[in-house]
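Student: In our numbering, each residue's number is its place in the sequence shown (first place is 1) plus 18.
We put the CB at the ideal spot given by N, CA and C, even for glycine.
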Amino acid sequence: MTEQNFIPKPFAKTVENGSYTWSSPSNIALVKYWGKKEDQIPENPSISFTLNNCKTTTTLSFVKKKTTNDFSFDVFLDGEKKDDFKPKIATFFKRIEIYLPFLKDYHFKIETSNTFPHSSGIASSASGMSALALCLMSVEKEFLEDISEDYFNQKASFLARLGSGSACRSIEGDLIVWGTHKEINKSSNLFGIKYPFSVHENFKHYQDTILLVDKGEKQVSSTVGHNLMHKHPFAERRFEQAHENMSKLISIFETGDLDAFIKIVESEALTLHAMMMTSMPYFILMKPNTLEIINKIWTYRAQTNSKICFTLDAGANVHVLYPENEKESVVEFIKNELVAFCQNEHYISDQIGFGANQIQL
Ligand code: DP6
19 MTEQNFIPKP
29 FAKTVENGSY
39 TWSSPSNIAL
49 VKYWGKKEDQ
59 IPENPSISFT
69 LNNCKTTTTL
79 SFVKKKTTND
89 FSFDVFLDGE
99 KKDDFKPKIA
109 TFFKRIEIYL
119 PFLKDYHFKI
129 ETSNTFPHSS
139 GIASSASGMS
149 ALALCLMSVE
159 KEFLEDISED
169 YFNQKASFLA
179 RLGSGSACRS
189 IEGDLIVWGT
199 HKEINKSSNL
209 FGIKYPFSVH
219 ENFKHYQDTI
229 LLVDKGEKQV
239 SSTVGHNLMH
249 KHPFAERRFE
259 QAHENMSKLI
269 SIFETGDLDA
279 FIKIVESEAL
289 TLHAMMMTSM
299 PYFILMKPNT
309 LEIINKIWTY
319 RAQTNSKICF
329 TLDAGANVHV
339 LYPENEKESV
349 VEFIKNELVA
359 FCQNEHYISD
369 QIGFGANQIQ
379 L
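1) Less than 7 Å between the C-beta atoms of Asn263 and Val49, yes or no?
2) Are there three or more Cβ pairs, one per stretch, closer than 8 Å when the region 138 to 153 is compared with the region 176 to 193?
3) Between Thr241 and ligand 1, is there a pair consisting of the residue's CB and a ligand heavy atom that are separated by less than 6 Å?
4) How is the beta strand (DSSP E) around Val93 delimited, first residue to last?
5) Can you tell me whether Phe120 is helix, strand or coil according to DSSP?
6) Indicate the three-state DSSP secondary structure (helix, strand or coil) for Glu349 in the structure shown.
7) Could you check whether the Cβ of Tyr51 sits closer than 6 Å to any heavy atom belonging to ligand 1?
8) Between Leu267, Val242, Thr296, Thr76, which has its C-alpha nearest Pro43's C-alpha?
9) The alpha helix (DSSP H) spanning Asp57 covers which residue range?
10) Please list the terminal residues of the continuous alpha helix (DSSP H) segment that includes Tyr38.
11) Using 7 Å as the threshold, is the C-beta distance between Gln237 and Leu309 below it?
12) Taking 6 Å as the cut-off, is the C-beta of Ala287 nearer than that to any heavy atom in ligand 1?
13) Give the secondary structure of Leu230 by DSSP, where H, G and I count as helix, E and B as strand, and everything else as coil.
14) Is the beta carbon of Leu356 closer than 7 Å to that of Leu229?
15) CB-CB under 8 Å to Met294, same chain, minus the five flanking residues each way: which ones, in chain order?
16) Can you tell me whether Gln321 is buried or exposed? The criterion is at least 16 other CB atoms within 10 Å of its CB, across all chains shown.
17) Can His337 be considered in contact with ligand 1, in the sense that its beta carbon sits closer than 6 Å to one or more heavy atoms?
18) Can you tell me whether DSSP reads Asp275 as helix, strand or coil?
19) If you measure between the beta carbons of Ile107 and Leu177, is that distance less than 7 Å?
20) Gly371 by DSSP, collapsed to three states: which one?
21) For Ala47, which of Asp192, Lys173, Phe215, His136 has the nearest alpha-carbon?
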């Protein structure tokens with residue numbers, strides 16, 4: 019598969035107007051994507067759990083316009099016009115125009131809403147860009163009725179990647195790999211694929227409670243963050259390590275070894291932050307309460323033999339991961355000991371979406 023496969027044949031049909039709605043989930047990476055080349059090509063493979071409750075729903079309405087010289091669109095979040103979202107979408111449209119040659123023929127209205135608060139510090143780019151990519155694929159399907167479901171999903175992931183890298187992992191399935199890895203046959207830098215090997219019962223319905231430590235705007239945008247990996251003194255070794263961690267996860271998923279899982283997941287989270295602390299310029303994205311929570315989790319694990327662990331995005335919030343059979347006790351622990359470290363005691367309960375992924379509404 020190359021980029022060329024996603025350039026459609028000339029359309030035989032015309033379409034005047036229409037509207038599509040898709041709902042798409044966010045995801046949380048276990049092996050992190052951090053560092054990219056030109057054209058949103060990742061420096062290393064990553065793997066993520068797809069979430070069940072954190073979703074974006076987007077309606078894309080389109081009307082044919084008279085002129086075709088430029089893109090034309092408006093964006094609304096919860097019914098309110100959002101001109102500050104436009105530059106990111108304009109960049110997205112520019113990147114994907116060659117793959118969706120009808121983009122300049124229409125005026126688009128993009129109406130979007132999230133199940134999680136926009137100001138929560140939870141990245142909405144993965145769910146947002148994947149929902150938009152799915153809507154755009156529905157438009158393409160109007161022109162090319164014979165496209166298969168596989169092609170539809172693969173191209174949706176391919177397009178979503180060009181909007182935001184991690185968004186390509188939000189199209190299909192519960193455990194998604196993006197980026198080529200020697201042991202994963204069909205893995206690709208161009209789109210996400212469903213994890214192809216067996217996954218132990220221990221990982222079914224895995225729980226993720228997101229502790230909102232800092233609900234502010236991101237201190238460092240992900241684009242700036244990824245760029246910091248260029249000329250980073252530890253970059254090459256880090257990219258190799260991601261490959262090694264993916265290999266280790268393959269046997270961990272097979273055997274259900276939760277202790278080994280914890281080591282990889284926590285190490286990946288801290289490595290992501292270590293990369294930011296050792297780049298130039300350097301950043302500390304954790305807050306004191308992030309560390310308080312991590313220490314509490316470690317103490318609880320040592321005392322109770324729980325399989326609880328944490329992972330982090332490029333920010334201060336903490337994702338607390340734990341097996342479903344510990345749900346009752348861990349939720350109790352979170353409420354009693356961790357929620358106090360969250361901004362306004364705010365947290366979001368989620369779980370890995372086994373089956374409940376993107377939906378056309
Ligand atoms: C830390 O996908 O937001 O969440 O491609 O620039 O839009 P862009 O970056 P983005 O990066 C996410 C990075 C991460 C780790 C991960 O999800 O793998």
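Tutor: In brief:
1) yes
2) yes
3) yes
4) 90 to 95
5) coil
6) What sits at residue 349 in the sequence shown is Val, not Glu. In this structure, Val349 counts as helix in the three-state DSSP scheme.
7) yes
8) Thr76
9) Looking at the DSSP string, Asp57 is not in any alpha helix (DSSP H), and its letter there is neither H nor E.
10) From DSSP, Tyr38 is part of no alpha helix (DSSP H) but of the beta strand (DSSP E) over 35 to 49.
11) no
12) no
13) coil
14) yes
15) Val238, Gly243, Leu246, Tyr300, Phe301, Ile302, Leu303, Ala332
16) exposed
17) no
18) coil
19) no
20) coil
21) Asp192
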